[in-house]
Each structure stands twice: as structure tokens, then as C-alpha cells.
Amino acid sequence: MGATKGTSVASVMSRSLFRYELKHKVLPTFTLNSIKRFRWILTHRLSVFVGRTIPGVGWIMLANDVCQITFHTIIKYNRNVAPEDRVF
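Yeah, the sequence shown ends on 76 if you go by the numbering used here, and it's all consecutive.
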């Protein structure tokens, strides 16, 4: 409630849990608009930093898992088939 459309659950929950603020804007965060403009947004609120970082870390972990699964699947497949049927 009161959040921008598309705000993640992690962001909403972190804003309610973390109330710590720094004196200066030193924590870099990214939003969809800032990524489109190739710029980051500096914030002094720990909750904003955590809330915007957690989904990004999740996407990176997901991409890593997909790459590793694909790589290992191709390796195992290539070991089990004839040389002319191998991928790559």
C-alpha cells in the first residue's frame, strides 16, 4: 500500500524492518528507469538499499543456475551420444 506499481515484496518489507539512515548518500541502488539511463541512484536509507538489492541478487543467482544447468546438461549429453550427435 502506497508503493509504486511493480515494487517488490522485499523492498516493501525492508522499508518496514530497517529504519537505519546514513548521514550521506553513499549506497548505490538501481531501478528499472536508472538501468535504462545507465545511472545508479544514491541513497542514505539502508532499507531502500536492501529492498532494491535483494531482487537483483536473486536474478543474478537465477541466471547463474540456468547457465550452470545448461552447461552441465550439454556436457553429460555429449558424453552419452555418438560424436556426430554432439552439441557444439
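Ideal Cβ positions, reconstructed from N, Cα and C, are used throughout, including at glycine. As the structure is a prediction and not an experimental result, all values here were calculated from the model.
- Membership of L10 in any beta strand (DSSP E) is not indicated, and neither H nor E is assigned to it by DSSP.
- T58: not part of any beta strand (DSSP E); member of the alpha helix (DSSP H) spanning 34 to 68, first to last residue.
- Between the C-alpha atoms of F18 and T58 there is a straight-line separation of about 28 Å.
- Setting aside the 5 residues that flank it on each side, S22 is surrounded in the same chain by W28, I29, each with a C-beta closer than 7 Å to its C-beta; the list follows chain order.
- According to the DSSP assignment, T17 belongs to the beta strand (DSSP E) that extends over 15 to 17.
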